[in-house]
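Chains as they are written, first to last, in the working numbering: chain X, 268 to 668; chain F, 1077 to 1142. First up is the structure itself, then whatever we jot down about it.
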């Protein structure tokens, strides 16, 4: 008859089998740490994994005390231990006696440090060479993967800002990525006022291209200021050190790159308001008014045109956010008020008070000397036009005026 | 004229007008210039001409419609 195991018997049998295998005792295994838990008992629990598999590990308190470094998720380590079956959970685990940092990882970290020191000594990170960003870039270069979310984030943030946007496609991870990024940067030489180099978040391994010397040099040699936005906010690469400014995210990079159109509109409206106010003051002096009738008329036409501007601004307004909308509405009422006041001193109002504008040969006449006797002139009144003949003329002598 | 230049010139015109040492004629002349610059600025903002192109290869289809 077939033997039927209890679960306990089954697990015991597996455990005996494993513990009898000397190859599964006192072995070294390497991988990446994840799910690191510092239990209050002093024991450490974690998972050791690589791309294809993972295994639970325990480091007991007595060994944990002599560890010498802090276990963190993502670290590459080598562990020494015994394979064991933990029966209560039917789970395979490694009882770890020792852990050391993966020497390959340490090697990489050392090389990176040395490259940093070398480039720093050469002045690639120097604050003095950081260039200011143009306030209104007209040509914006973007070095990134054309398929990545980072590019979409940047374009979304740039919004409708008027500029020529040049995407210089690059491979941002994997074999040849560093060379591809460097080449994409060089391709923008002489073509951009500002360059954004970006890629979205990823593992440390995904960002290595941005720690390579050729990328650092291409950024350094760029004729336009470079904003870098590589990975997440906490990731800092050599590219970030060389860039003229580092942004925490691609969206933030775009925000630094272009002015906020709403605040630009606000500046235009403020200037318009001050413009009207400044001229209003000048027009308040009646003595100078007659002499400048022609200018007044022209100024009047300018006002008619600003009315059309206002309609356009209104339309623009509806495309901006509510805050901007309030701003413009406020401005429009002020503009209307200013116009009302200007109306009072405009030539048309002057006509209503009984004055006339004299025109001769299509030009405003402000001096008797401008008209000859027997010449026809036109008089513009508030309700129409008179054609008159100059019968005689008498000009005041220079010293009497 | 680019937006940046128009905006800067506009602000210079306004400052000169506010300073008030000009003749009325000069003021009105500057005023006209200012109004023209306001128009240029608002046109630049309104039209917001943007052009997206790829230096190499094709622009991804989702960006063509922008």
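Note that the Cβ used here is the ideal one computed from N, Cα and C, for glycine as well. From a predicted model like this one, the values you see are computed outputs, not experimental measurements.
Per DSSP, which residues does residue i bridge with? Please list them.
{"i": "residue 313 (chain X)", "result": "X:324"}
{"i": "residue 299 (chain X)", "result": "X:316, X:343"}
{"i": "residue 465 (chain X)", "result": "X:496"}
{"i": "residue 670 (chain X)", "result": "Nothing about residue 670 (chain X) can be read from this structure; chain X reaches only from 268 to 668."}
{"i": "residue 360 (chain X)", "result": "X:323, X:351"}
{"i": "residue 1127 (chain F)", "result": "X:431"}
{"i": "residue 402 (chain X)", "result": "Beta-bridge pairing links residue 402 (chain X) to no other residue."}
{"i": "residue 305 (chain X)", "result": "X:311"}
{"i": "residue 239 (chain X)", "result": "Since the first residue of chain X shown is 268 and the last is 668, residue 239 (chain X) is not available in this structure."}
{"i": "residue 294 (chain X)", "result": "X:348"}
{"i": "residue 368 (chain X)", "result": "X:344"}
{"i": "residue 513 (chain X)", "result": "X:495"}
{"i": "residue 436 (chain X)", "result": "X:411"}
Under the rule that 16 or more other beta-carbon atoms within 10 Å means buried, what is residue i, buried or exposed?
{"i": "residue 528 (chain X)", "result": "buried"}
{"i": "residue 504 (chain X)", "result": "buried"}
{"i": "residue 313 (chain X)", "result": "buried"}
{"i": "residue 1107 (chain F)", "result": "buried"}
{"i": "residue 409 (chain X)", "result": "buried"}
{"i": "residue 1116 (chain F)", "result": "buried"}
{"i": "residue 299 (chain X)", "result": "buried"}
{"i": "residue 507 (chain X)", "result": "buried"}
{"i": "residue 520 (chain X)", "result": "buried"}
{"i": "residue 497 (chain X)", "result": "buried"}
{"i": "residue 252 (chain X)", "result": "Chain X is shown only over 268 to 668; residue 252 (chain X) falls outside these bounds and no answer can be derived."}
{"i": "residue 655 (chain X)", "result": "exposed"}
{"i": "residue 658 (chain X)", "result": "exposed"}
{"i": "residue 274 (chain X)", "result": "exposed"}
{"i": "residue 376 (chain X)", "result": "exposed"}
{"i": "residue 467 (chain X)", "result": "buried"}
{"i": "residue 399 (chain X)", "result": "exposed"}
{"i": "residue 420 (chain X)", "result": "buried"}
{"i": "residue 1120 (chain F)", "result": "buried"}
{"i": "residue 360 (chain X)", "result": "buried"}
{"i": "residue 411 (chain X)", "result": "buried"}
{"i": "residue 245 (chain X)", "result": "It is not possible to answer for residue 245 (chain X), since the shown part of chain X is limited to 268 through 668."}
Cutting at 7 Å between CB atoms, please list the residues of its own chain near residue i, excluding the five before and the five after it.
{"i": "residue 1123 (chain F)", "result": "none"}
{"i": "residue 526 (chain X)", "result": "402, 403"}
{"i": "residue 278 (chain X)", "result": "352, 354, 357"}
{"i": "residue 305 (chain X)", "result": "311"}
{"i": "residue 493 (chain X)", "result": "462, 464, 486, 510, 511"}
{"i": "residue 378 (chain X)", "result": "none"}
{"i": "residue 538 (chain X)", "result": "none"}
Only counting the same chain, and skipping five residues up and downstream in sequence, which positions put a Cβ closer than 6 Å to that of residue i?
{"i": "residue 327 (chain X)", "result": "310"}
{"i": "residue 1109 (chain F)", "result": "1089"}
{"i": "residue 431 (chain X)", "result": "406"}
{"i": "residue 1113 (chain F)", "result": "1082, 1085, 1086"}
Does any C-beta atom of chain C lie closer than 9 Å to the C-beta of residue i?
{"i": "residue 645 (chain X)", "result": "Any reference to chain C falls outside this structure, whose protein chains are X and F."}
Which same chain residues, not among the five before or five after residue i, have their C-beta less than 8 Å away from its C-beta?
{"i": "residue 1135 (chain F)", "result": "1128, 1129"}
{"i": "residue 652 (chain X)", "result": "645, 646"}
{"i": "residue 1093 (chain F)", "result": "1103, 1106, 1107, 1110"}
{"i": "residue 291 (chain X)", "result": "285, 349, 350"}
{"i": "residue 308 (chain X)", "result": "328"}
{"i": "residue 331 (chain X)", "result": "309, 310, 311"}
{"i": "residue 272 (chain X)", "result": "280"}
Check whether the segment 469-480 of chain X and the segment 441-450 of chain X touch, using three or more Cβ-Cβ pairs below 8 Å as the test. The segment 469-480 of chain X vs the segment 441-450 of chain X: in contact.
The segment 432-452 of chain X: positions lying closer than 8 Å to chain F by Cβ: Under the 8 Å Cβ criterion, the segment 432-452 of chain X contributes 432, 433, 434, 435, 436, 451.
Given a limit of 9 Å on CB to CB distance, which residues of the segment 1126-1142 of chain F reach chain X? Within the segment 1126-1142 of chain F, the residues whose Cβ lies closer than 9 Å to some Cβ of chain X are 1126, 1127, 1128, 1129, 1130, 1131, 1132, 1133, 1134, 1135, 1136, 1138, 1139, 1142, listed in chain order.
Three-pair Cβ contact test at 8 Å for the segment 380-389 of chain X versus the segment 342-351 of chain X: No contact exists between the segment 380-389 of chain X and the segment 342-351 of chain X.
How about the segment 1120-1135 of chain F and the segment 426-444 of chain X: do they share at least three Cβ pairs that are nearer than 8 Å? At 8 Å Cβ cutoff, the stretches touch.
Interface residues of the segment 524-538 of chain X facing chain F [CB-CB below 7 Å]: Cβ contacts with chain F: 528, 531, 532, 534, 535, 538.
In the segment 413-427 of chain X, which residues sit with their C-beta less than 9 Å from some C-beta in chain F, listed in chain order? Using a CB distance below 9 Å, the part of the segment 413-427 of chain X facing chain F consists of 413, 414, 418, 419, 422, 425, 426, 427, ordered along the chain.
Stretch-stretch touch, CB-based, cutoff 8 Å, three pairs: the segment 378-385 of chain X with the segment 1098-1112 of chain F: Not touching, per the Cβ criterion.
Three or more C-beta pairs closer than 8 Å, one from the segment 361-376 of chain X and one from the segment 481-499 of chain X: is that the case here? Judged by Cβ distances under 8 Å, the segment 361-376 of chain X makes no contact with the segment 481-499 of chain X, as fewer than three pairs qualify.
When you check each C-beta in the segment 491-521 of chain X against every C-beta of chain F, which residues fall closer than 8 Å? Per Cβ criterion, the list is empty.
If contact means a Cβ-Cβ distance below 9 Å, which residues of the segment 1099-1124 of chain F contact chain X? Residues passing the 9 Å Cβ filter: 1099, 1100, 1101, 1103, 1104, 1105, 1106, 1107, 1108, 1110, 1111, 1112, 1113, 1114, 1115, 1117, 1118, 1119, 1120, 1121, 1122, 1123, 1124.
Just by C-beta distance, which residues in the segment 324-353 of chain X are closer than 7 Å to chain F? For the segment 324-353 of chain X, which is checked against every Cβ of chain F, not one residue is closer than 7 Å.
If the cut-off is 9 Å on Cβ atoms, which residues from the segment 272-303 of chain X count as contacting chain F, listed in chain order? Residues: none.
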